[in-house]
Structures are given as C-alpha cells and as structure tokens.
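Mapping of the sequence shown onto this note's numbering: residues 585 to 865, in sequence order. The structure appears right after this line, and notes come after that.
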Amino acid sequence: MNDPVTTLDDLKNDLAGRHKWTPSSGASVDPAIVDADMAALDRDGYLIWENLLSADECQQIRDVVTPWLDHTGRNAFEGHRTQRIYSVLSRTRACDRLVDHPRVLAVLDRLLMPNYLVSALQAINIQPGESAQLPHRDDGFYPIPRPRPPLAAATIWAIDDFTADNGATVLFPGSHRWPARPPGPADASTPVVMPAGSCVFFVGTLWHGGGANTTDRARLAVTAQYCQPWLRPMESFTLSIPRDVARDVSTDIQRMIGYSVHPPFVGAVDGLHPLRLLEQP
C-alpha cells in the first residue's frame with residue numbers, strides 16, 4: 585500500500601518517486617569541465633565547442649539532409665533565401681548524436697529542470713544573398729516577463745564552416761542579462777566563427793540572429809533546441825515520430841521527445857507514464 589498523500593508536496597514526492605529521472609549521458613562529462621562551461625555561460629550567455637564532430641560525420645549529415653532542401657522561408661524571419669527542414673528527428677537518425685551529445689546534456693542537466701524536453705530539431709541552409717535575420721531570443725515567445733532565468737536553450741551545429749560572411753550566427757554577448765529591450769546600435773555583437781563539426785550553445789534569453797551570407801556558397805547547420813519540462817515545445821514530436829521509431833532512439837531522446845513525466849503528472853497518458861506506450865505492440 586502506498587504512503588498516504590495528504591498535501592501537495594506529498595503528491596509531488598509520491599509521483600516523482602515513481603517516475604525517477606535517470607541520469608543522462610551528460611553524467612559522463614568531467615564535472616570540472618561542466619563547472620567551467622557553466623561559468624562561461626553565466627558570464628556570456630553562450631559557449632563554443634570546436635570539433636565535436638568529425639569531417640565524415642558532417643558529410644554524412646550533409647548527404648542525408650541535402651535531398652530534402654527545397655522550399656525557402658515564408659517570410660523575412662525564416663529567410664527568403666534560407667532553406668529549413670523541420671522535425672528532423674522524425675526523418676533520420678543521422679542527427680541523433682547532436683541531440684543527445686554528452687557535452688550538451690551535461691550543461692542542460694544543470695541549466696534546466698529534470699526531464700527537460702527537446703523543443704525543435706531543424707536543418708538550416710543559408711543560401712548566398714541572404715540578408716541578416718532579425719535579432720531575437722529563442723524563449724521570447726513564452727509570455728513570462730524579463731529579466732528572468734532562461735526557459736530554454738539552443739545548440740547550432742556547424743555542418744559547414746561558419747565564417748563572418750557566410751551566414752554565421754550573430755550573438756550579442758551578455759544580452760541574456762538585459763531587461764526587456766532589443767539590441768541597439770551601440771550594443772556589441774559577434775559572429776560565431778567556427779569550423780565544421782563545432783557547436784555553439786546559448787541560453788534562450790540571449791539575443792542572436794542568423795548572419796548575412798555575402799559569399800557564393802551556402803552554409804548548412806543543424807539546430808537542436810530544448811525547453812523546461814513544463815513548457816510546450818515548438819515541435820510536437822510525440823505526434824510526428826511514430827512509436828516504432830521512438831522505440832529505436834536513445835533513452836535520452838525518448839525522455840526529451842515526451843516519453844517522460846514532470847512530477848506530479850505533466851505529460852502523463854491516461855494517468856500513466858508515457859513510456860508504457862512504447863511497451864505496447
């Protein structure tokens with residue numbers, strides 16, 4: 585017989601005990617390295633990790649996603665000369681390692697609450713002639729006033745080299761600490777210049793935008809975005825990813841696409857843990 589639940593704290597603790605948060609693969613990263621990452625993230629709002637992927641891994645991703653590159657954006661924000669592939673997790677396993685990379689999860693494990701979710705996984709190809717994107721914050725569409733802690737975080741993986749003139753993401757360092765104001769002409773910005781295979785990680789409160797591509801070559805990237813477990817993600821992966829596919833991904837990705845519970849019962853299915861759905865034939 586279960587212990588009695590007489591208070592709201594009892595309820596939360598009871599269900600949290602049943603639906604424990606299992607350590608992510610981020611637990612394999614040296615805590616001292618994560619400490620340094622968190623200090624830099626707190627100071628600047630972003631991190632750059634170079635050469636996390638090999639040239640062969642980048643080429644594999646390029647080969648998989650290139651045939652799907654077709655339509656350009658519907659507006660200037662999406663980019664009239666920018667191609668996007670949405671819900672990449674439902675299409676291929678080639679980008680799974682980007683979603684559940686230990687270096688990324690080690691920071692997310694400290695930044696967000698347990699059972700945080702993946703909010704989006706998209707490939708973004710900025711073509712020659714694209715103009716700079718409107719600066720924005722990735723968690724700015726959640727109607728919670730600033731200043732506040734970040735509700736989300738994002739990674740952008742360079743599949744091609746990021747240069748100052750080919751559409752590299754432009755960041756406003758320290759802007760995660762600003763009050764509710766957009767960047768102005770006097771605010772310093774910096775392009776994320778990094779070789780293919782590298783990753784920039786930034787909090788959802790940091791102002792940023794895609795850079796202009798003034799070269800004659802496209803710039804391909806993959807972005808994985810994450811959010812608190814009690815927020816609605818941008819992409820509904822439990823709808824777009826069939827259960828037979830969900831059974832084949834890592835336990836970290838299963839948890840992040842919605843096969844998890846934020847205690848006491850956010851995310852439950854028919855009163856039960858959603859992982860039970862994957863146990864059904």
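Even glycine gets a Cβ: it sits at the ideal position worked out from N, Cα and C.
Going by C-alpha distance, which of the options is nearest residue i?
| i | options | result |
| --- | --- | --- |
| Ala802 | Arg816, Thr774, Gly794 | Gly794 |
| Glu634 | Leu861, Thr747, Pro779 | Pro779 |
| Arg668 | Leu592, Ala707, Arg860, Asp614 | Ala707 |
| Arg816 | Gly851, Asp800, Ser824 | Gly851 |
| Asp723 | Gln717, Pro731, Ala737 | Ala737 |
| His760 | Ala770, Ala772, Arg732 | Arg732 |
| Val589 | Pro615, Leu856, Pro848 | Pro848 |
| Ser674 | Asp771, Asp828, Arg646 | Asp828 |
| Ala620 | Arg646, Thr656, Val691 | Val691 |
| Ile645 | Arg665, Ala678, Asp593 | Ala678 |
| Pro769 | Phe756, Pro775, Pro763 | Phe756 |
| Pro734 | Glu662, Arg765, Gly629 | Gly629 |
| Val754 | Ser773, Asp745, Pro766, Arg765 | Ser773 |
| Pro615 | Asp693, Glu641, Pro858 | Asp693 |
Report yes if the C-beta distance between residue i and residue j is below 8 angstroms; otherwise report no.
| i | j | result |
| --- | --- | --- |
| Gly842 | Leu636 | no |
| Ser715 | Ala796 | yes |
| Arg672 | Leu695 | One detail in the question is off: residue 672 reads as Val in this sequence, not Arg. Result no, Cβ atoms of Val672 and Leu695 do not sit closer than 8 angstroms. |
| Val702 | Thr676 | no |
| Asp832 | Asp684 | no |
| Pro686 | Ser638 | no |
| Cys811 | Tyr670 | no |
| Val784 | Thr747 | no |
| Asp749 | Thr799 | yes |
| Trp814 | Arg721 | no |
| Thr666 | Gly657 | yes |
| Leu718 | Phe786 | no |
| Ala623 | Leu631 | no |
| Asp680 | Ser844 | no |
| Ser608 | Leu689 | yes |
| Asn830 | Leu856 | As written in the sequence, residue 830 is Ala, which differs from the Asn given in the question. Contact flag unset, no. |
| Pro775 | Ala752 | yes |
Looking only at DSSP bridge pairs, what is residue i linked to?
| i | result |
| --- | --- |
| Arg803 | Ile710 |
| Met778 | Phe746 |
| Asn797 | Asn750 |
| Ile669 | Ala707 |
| Gln809 | Ala704, Ala738 |
| Thr656 | Gln667 |
| His792 | His720, Leu755 |
| Tyr630 | Phe786 |
Indicate the three-state DSSP secondary structure (helix, strand or coil) for residue i in the structure shown.
| i | result |
| --- | --- |
| Phe821 | helix |
| Ser608 | coil |
| Gln580 | Residue 580 is absent from the model: the chain starts at 585 and stops at 865. |
| Ala736 | strand |
| Gln643 | helix |
| Gly855 | coil |
| Met585 | Its pLDDT being 48, under 50, Met585 is placed unreliably in this model, and the coordinates cannot settle the point. |
| His846 | strand |
| Arg730 | coil |
| Arg816 | coil |
| His760 | helix |
| Gln838 | helix |
| Leu861 | helix |
Practice item. Mind the definition here: the region 707-719 touches the region 727-735 only if three or more C-beta pairs lie below 8 angstroms; say whether that holds. Key: no
Exercise for review: Count the CB pairs spanning the region 737-750 and the region 812-828 that are closer than 8 angstroms, and state whether there are at least three.
Suggested key: no
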